[in-house]
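**Q** Sharing a structure, written as structure tokens. Questions coming.
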Amino acid sequence: MMNINLNLLPTAKKTRLEAIINFLFIKNITELFLMVVAVMTATLVWGWVLLEQDFANLTKTATLINRESYNYNQDAKNINELIKNINASSKNFFPLTPKLTDLSANLPRDIKMNSVQIDNAAQTISLTGIAVSRNALLNYQEILKTISWVSSLETPVSQLFQKENVKFEFKLKIKN
Numbered sequence: 232m233m234n235i236n237l238n239l240l241p242t243a244k245k246t247r248l249e250a251i252i253n254f255l256f257i258k259n260i261t262e263l264f265l266m267v268v269a270v271m272t273a274t275l276v277w278g279w280v281l282l283e284q285d286f287a288n289l290t291k292t293a294t295l296i297n298r299e300s301y302n303y304n305q306d307a308k309n310i311n312e313l314i315k316n317i318n319a320s321s322k323n324f325f326p327l328t329p330k331l332t333d334l335s336a337n338l339p340r341d342i343k344m345n346s347v348q349i350d351n352a353a354q355t356i357s358l359t360g361i362a363v364s365r366n367a368l369l370n371y372q373e374i375l376k377t378i379s380w381v382s383s384l385e386t387p388v389s390q391l392f393q394k395e396n397v398k399f400e401f402k403l404k405i406k407n
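The following block contains the structure:
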């Protein structure tokens with residue numbers, strides 16, 4: 232079989248027809264291109280919106296974390312300051328309760344204590360009071376000398392001149 236193509240159209244119409252076909256082809260390609268660009272633009276805008284929301288959430292979370300970490304830092308700073316103050320206050324501490332317990336446990340009934348003054352810097356304790364008699368005062372002086380943490384005991388001799396209701400003052404030097 233043989234293929235025969237007969238073209239009975241004049242050349243002007245043929246060129247016009249080819250121009251229309253080329254125009255339609257370019258129009259279809261342009262429409263396809265514009266459709267692809269529109270889909271890509273929509274995808275990019277949608278992605279931009281999602282990224283914008285994620286960025287806002289991330290910023291909000293970072294702000295909350297910074298605020299919480301600031302509070303934790305402040306708490307840690309306050310605790311450190313408190314520990315520093317406690318260490319500073321306990322630097323020159325020595326326990327007084329056992330010493331005061333010893334003094335009160337060894338206090339005879341015929342001695343009345345008026346005051347107890349403690350000088351931490353000089354490591355001394357001053358006791359003042361009234362003894363019923365001179366013998367009671369001398370007895371209490373001997374008792375104080377036997378206490379293990381007392382290194383020396385000073386007492387004015389003038390307080391031994393009275394026989395009854397003797398006002399006294401003892402200065403105890405504390406052992407280190």
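Numbering of the sequence shown is given in this note's numbering, commencing with residue 232 and proceeding in unit increments.
For glycine and all other residues, C-beta sits at the position ideal for the given N, C-alpha and C.
1. Near Ile342, which residues of its chain fall below 8 Å by C-beta distance, leaving aside the five closest residues on each side in sequence?
2. So is Phe254 buried or exposed if we call it buried at 16+ other beta carbons inside 10 Å?
3. What is the rounded straight-line gap between the Cα of Glu262 and the Cα of Thr272?
4. Count the other CB atoms within 10 Å of the CB of Phe286; is the residue buried (16 or more) or exposed (fewer)?
5. How long is the line joining the alpha carbons of Leu294 and Ile310, rounded to whole angstroms?
6. If you count every other CB in all the chains shown that lies within 10 Å of the CB of Phe399, and 16 or more means buried, which is it?
7. Roughly how far, in whole angstroms, is the beta-carbon of Leu384 from the beta-carbon of Ile349, given that I think they are within contact range, below 8 Å?
8. Taking C-alpha atoms, which residue in Glu283, Thr355, Ile356 and Met344 lies nearest to Asn396?
9. List the whole-angstrom C-beta distance separating Lys402 from Ser357, where the pair is believed to meet the contact cut-off of C-beta under 8 Å.
10. How would you write the range of the beta strand (DSSP E) that Ala362 sits in, first residue to last?
11. Whole angstroms are fine: how far does the CA of Leu239 sit from the CA of Glu249?
12. For Ser346, which three-state DSSP category applies?
13. Of the choices Asn407, Ile317 and Ile378, whose alpha-carbon is the least far from that of Ile353?
14. Output the distance between the C-alpha atoms of Val381 and Asn316, rounded to the nearest integer angstrom.
15. So what does DSSP say about Ile296, is it helix, strand or coil?
16. Can you tell me the Cβ-Cβ gap for Thr355 and Lys404, rounded? I've got them flagged as a contact below 8 Å.
**A** On the basis of the coordinates in this document:
1. Gly360, Ile361, Ala362, Val363, Ala367, Leu368 and Tyr371.
2. Answer is exposed; the Cβ neighbour count stays below 16.
3. 15 Å
4. exposed
5. A small fix is needed here, since residue 294 is Thr in this sequence, not Leu. Their backbone Cα atoms lie some 24 Å apart in a straight line.
6. buried
7. With a Cβ gap of about 15 Å, Leu384 and Ile349 do not count as contacting.
8. Closest option to Asn396, Cα to Cα, is Met344.
9. Indeed, because the Cβ distance is near 5 Å, the residues count as touching under 8 Å.
10. Thr355 to Ser364
11. 15 Å
12. Strand at Ser346.
13. Checking the sequence shown, residue 353 turns out to be Ala, not Ile. Closest option to Ala353, Cα to Cα, is Asn407.
14. 31 Å
15. helix
16. 6 Å
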